[in-house]
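Asker: In this note's numbering, the protein residues as written are 22 to 147. Where a beta carbon is used, it is the ideal one built from N, C-alpha and C, also for glycine. I have a structure I would like to understand better, so I am pasting it below and will then ask my questions one at a time.
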């Protein structure tokens, strides 16, 4: 039942982001950016998700590379989880000891680097 509710919620979010283009102002802007004028790790993720749902992975990567990499990670983890429910056990990436720390460091570095106003870091801004 819980998986069905999560799936339904994700489907509804997908439909909203498919139908409404965040760059047109239909969805809320980043409150962190509005308050600080700095990009957070999630800035550009709404536009990136919209682009992915329309098949434009290159544009999504330009808006926020972490969205593309994060969705890839989630798809791989979901595939392993699904496979493990039917077959032998594969070790998921998230079950490894240092994965949370590595993900945290990657997100933190991305957050800092995308706010540096010099090339090549300016390409990380949405």
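What separation, rounded to the nearest whole angstrom, lies between the Cα atoms of residue 89 and residue 77?
Answerer: The straight-line gap from Cα to Cα measures roughly 11 Å.
Asker: Taking residue 81 as part of the alpha helix (DSSP H), name the residues at either end of that continuous run.
Answerer: Run containing residue 81: 78-84, per the alpha helix (DSSP H) assignment.
Asker: Would you call residue 105 buried or exposed, if buried means 16 or more other Cβ atoms sit within 10 Å of its Cβ?
Answerer: Exposed is the call here.
Asker: Considering Cα atoms alone, identify which of 103, 48, 85, 68 is closest to residue 24.
Answerer: That would be 103, whose Cα lies nearest to the Cα of residue 24.
Asker: Taking just the CA atoms, how far does residue 30 sit from residue 120?
Answerer: Cα to Cα, residue 120 sits roughly 26 Å from residue 30.
Asker: Between residue 8 and residue 112, what straight-line distance do the alpha-carbon atoms span, to the nearest angstrom?
Answerer: This structure leaves residue 8 out entirely; the chain is present only between 22 and 147.
Asker: Judging by CA-CA distance, which residue of 84, 116, 107 is the nearest neighbour of residue 98?
Answerer: The shortest Cα separation from residue 98 among 84, 116, 107 belongs to 116.
Asker: Could you check which residue in 61, 46, 40 has the C-alpha nearest to that of residue 86?
Answerer: Considering only alpha carbons, the answer is 61.
Asker: What is the DSSP secondary structure of residue 127, counted as helix, strand or coil?
Answerer: Residue 127 falls in the helix class under three-state DSSP.
Asker: Taking 6 Å as the limit between beta carbons, can you name the residues of its chain near residue 73, skipping five residues before and five after?
Answerer: These residues qualify, in order along the chain: 81.
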